[in-house]
Amino acid sequence: MRTLLPWAVAAVALALVPLWVQSPYALHIFILLFLAIALGESWNVIGGFAGQYSVGHAAWYGLGAYGAFILLQRKAIAPWFGVWVAVAAAVIIAVVVGWITFRLRGPYFVLASIAVAEIIRLAALNWKELTNGAEGILAADVPPLRLGGTVITDWNSKTPYYYLGLAMALFCIAVNFLVKRSKLGYYLQAIREDQDAAHSLGIPLTLSKNTALAISAACTALAGSFAAFYIGFIEPQGVFGIEVSIQMVLTCIIGGIGTVAGPVIGAVVVVLLSEALRASLSSAHLLVYGVLVIIVILTMPDGFVGFIAQRLRRKAGA
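First residue of the sequence shown: 1, per the numbering used here; consecutive thereafter.
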């Protein structure tokens, strides 16, 4: 219970922010932060707990974005339903891909994950009848959310996106908490430490990893759908590009892989750094990220969370 108290306090404090902060830019930064947290926590399930370093998670992000967009434009299915259809489609494809790629380990799995995302990106680029190719798709007007005929929100301001983003981030954090403390979580941590030893103990490797991938893909696709409607435009490179996957991985590495708090801290660093670089070094942001990761690995191999925990242990022992 004491572990959850800081999270509850933070959630309540963030829920009150729009009451005092009216600046659209400030709310925009918070929305980007919530999106980065959701993506980091999503990747953490498969990369942090299971030790399967996917660098192709943009595949599920893009499927969530395109699925919800296409259903709204082609079938007039409101996002409140279309998003879940897109998430389900991403999960099904992820499970099929997982049964194939989880036969590989180490760098071979990493390369396979990149290849999957690139194949889907090329399919979206060339299937112009469905995706409009490189020109991308502009969002149709998102229908207002109604309750009993009363319009609750019409999405003309950033405040609805703020609360939706906050709910999404909290949901992904809760998923990480539940997975880490579940039987599946213990299986995944055993697989991360030593797959052969885990297998000898009777842990179903492929089933456990595929379950983790399904959970991770579902959360990633949900974040992709949210980002698509918030930005209002999608195109293949923007949602399936390797930069999307790299940012998810960086968020966890910087904050602390395999921890629930790590992606939150990493997201704060990545989002604030991205905004700081946007004006001066926007074209070299990946280079700056790379330098930052090297510094973190050399000075804080367990990320900010590990570094803070180590300092607290030293103070307690002093």
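Glycine included, each C-beta is placed from N, C-alpha and C at the ideal position.
For residue i, the first and last residue of its enclosing alpha helix (DSSP H)
{"i": "His199", "result": "Gln195 to Ser200"}
{"i": "Ser113", "result": "Gly106 to Asn126"}
{"i": "Ser157", "result": "Counting along the chain, Ser157 falls outside any alpha helix (DSSP H), and DSSP gives it neither H nor E."}
{"i": "Met248", "result": "Ile242 to Gly255"}
{"i": "Arg74", "result": "Ala58 to Lys75"}
{"i": "Pro18", "result": "Leu5 to Trp20"}
{"i": "Ile100", "result": "Pro79 to Thr101"}
{"i": "Phe258", "result": "Just to set this straight, residue 258 is Gly in the shown sequence, not Phe. Gly258 -> no alpha helix (DSSP H), and no H or E assigned at all."}
{"i": "Gly40", "result": "Pro24 to Trp43"}
Reference residue i, options the options, closest by Cα
{"i": "Ala261", "options": "Gly98, Tyr161, Ile234 and Val175", "result": "Val175"}
{"i": "Gly256", "options": "Phe233, Leu298 and Gly303", "result": "Gly303"}
{"i": "Val239", "options": "Ala123, Phe109 and Ala88", "result": "Ala123"}
{"i": "Ala214", "options": "Gly62, Ala94, Pro79 and Leu312", "result": "Ala94"}
{"i": "Gln73", "options": "Ala88, Asn132 and Pro107", "result": "Asn132"}
{"i": "Gln237", "options": "Phe171, Ala316, Lys209 and Leu125", "result": "Leu125"}
{"i": "Leu319", "options": "His28, Leu277, Val296 and Lys315", "result": "Residue 319 lies beyond the stretch modelled for the chain, which goes from 1 to 318, so this question has no answer here."}
{"i": "Leu205", "options": "Leu104, Tyr161, Ser182 and Glu118", "result": "Leu104"}
{"i": "Phe177", "options": "Pro24, Phe49 and Leu16", "result": "Phe49"}
{"i": "Val83", "options": "Leu312, Gly290 and Thr220", "result": "Thr220"}
{"i": "Ala26", "options": "His199, Thr159 and Ala88", "result": "Thr159"}
{"i": "Leu16", "options": "Leu5, Phe30 and Leu4", "result": "Phe30"}
{"i": "Ala212", "options": "Ile231, Trp7, Gly258 and Ala76", "result": "Gly258"}
{"i": "Phe69", "options": "Gly106, Gly136, Trp127 and Ala198", "result": "Gly136"}
{"i": "Met168", "options": "Ile294, Leu14 and Gly290", "result": "Leu14"}
{"i": "Ser157", "options": "Lys128, Val21 and Gly290", "result": "Val21"}
{"i": "Gln195", "options": "Gly106, Lys75 and Ala112", "result": "Gly106"}
{"i": "Pro79", "options": "Trp60, Ile297, Ser225 and Ala89", "result": "Ser225"}
In DSSP terms, what residue i is bridged to
{"i": "Phe233", "result": "Leu138"}
Distance CB(residue i)-CB(residue j) smaller than 8 Å
{"i": "Gly47", "j": "Val249", "result": "yes"}
{"i": "Val116", "j": "Thr101", "result": "yes"}
{"i": "Gly64", "j": "Arg192", "result": "no"}
{"i": "Val45", "j": "Val179", "result": "yes"}
{"i": "Gly67", "j": "Val85", "result": "yes"}
{"i": "Ala38", "j": "Ala223", "result": "yes"}
{"i": "Leu166", "j": "Phe34", "result": "yes"}
{"i": "Ala58", "j": "Gly241", "result": "yes"}
{"i": "Tyr53", "j": "Val110", "result": "yes"}
{"i": "Trp43", "j": "Cys252", "result": "yes"}
{"i": "Tyr162", "j": "Pro18", "result": "yes"}
{"i": "Gly202", "j": "Ile120", "result": "no"}
Contact belief for residue i with residue j at Cβ below 8 Å, rounded distance in angstroms
{"i": "Ala134", "j": "Glu235", "result": "6 Å"}
{"i": "Ala139", "j": "Phe81", "result": "Contact flag wrong, Cβ pair sits at about 16 Å."}
{"i": "Ile173", "j": "Glu275", "result": "Rounded, the Cβ-Cβ distance is 22 Å, inconsistent with contact."}
{"i": "Leu292", "j": "Ile254", "result": "7 Å"}
{"i": "Ala36", "j": "Val288", "result": "In fact, because the Cβ distance is near 16 Å, the residues do not count as touching under 8 Å."}
{"i": "Ala11", "j": "Leu130", "result": "Contact flag wrong, Cβ pair sits at about 39 Å."}
{"i": "Ser208", "j": "Leu188", "result": "6 Å"}
{"i": "Ala218", "j": "Val9", "result": "Their Cβ separation, rounded to whole angstroms, is 28 Å, which puts Ala218 and Val9 out of contact at 8 Å."}
C-beta neighbour in chain B for residue i, strict 8 Å
{"i": "Gln247", "result": "The chain labelled as chain B is not found in the depicted structure, where only one protein chain is given."}
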